[in-house]
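Peer 1: In my numbering, the protein residues as written are 43 to 154. Please find one structure pasted underneath; my questions will follow.
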Ligand SMILES: Nc1ncnc2c1ncn2[C@@H]1O[C@H](COP(=O)(O)OP(=O)(O)OP(=O)(O)O)[C@@H](O)[C@H]1O
Ligand SMILES: [Mg+2]
């Protein structure tokens, strides 16, 4: 299992969510975050207007993913989050040691 953490443009969230549910991902956690990348803030287009930011608004999605879905999940995030302009974001893949489904007590991939 992996924990996939992706930072994406806020207006791409619905597309990313729809893509991920269509390939069988059961759950996603979303947070509104702020960050910067190589341009150190700088000018970005946000909702059609150009702004200068120190901290650029982004959405962070976190997903616990079973092994056979990992490559599909990564490609689906890339395909749905890409605008080909600066600030499209990052995907981080982290080993996930354990998962538990609280209602049933299931663990491992069965918990996802
Ligand atoms: N190395 C990093 N560690 C943690 N978060 C990062 C890192 N790089 C980028 N981020 C997060 O991802 C967001 C988007 O990064 P961004 O896509 O601008 O990266 P970039 O390397 O500058 O690529 P690009 O040149 O395409 O803009 C940042 O605002 C920040 O929240
Ligand atoms: Mg950038």
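Where is the CB? At the ideal position from N, CA and C, for every residue including glycine. No experiment lies behind these values; they were computed from the predicted model shown.
1. Between which two residues does the alpha helix (DSSP H) carrying residue 61 extend?
2. Report yes if the CB atom of residue 133 is closer than 7 Å to the CB atom of residue 116, and no otherwise.
3. With DSSP as the reference, please indicate the residues paired to residue 76 in a beta bridge.
4. Quick check on this structure: which residue in 112, 92, 54 and 78 has the alpha carbon closest to the alpha carbon of residue 154?
5. Let me confirm a value: residue 119 is counted as buried when at least 16 other C-beta atoms fall within 10 Å, else exposed. Which label applies?
6. Around ligand 2, which residues pass a check of Cβ closer than 6 Å to any of its heavy atoms?
7. Distance, Cα to Cα, residue 50 vs residue 147?
8. Do residue 105 and residue 70 count as a contact pair if the criterion is CB distance below 7 Å?
9. Per the DSSP calculation, residue 107 is bridged to which residue(s)?
10. Quickly, what does DSSP pair residue 135 with across the bridge? List them, please.
Peer 2: Judging by the given coordinates:
1. 55-64
2. yes
3. 99
4. 112
5. buried
6. 79, 80, 81, 128 and 129
7. 32 Å
8. yes
9. 44
10. 46
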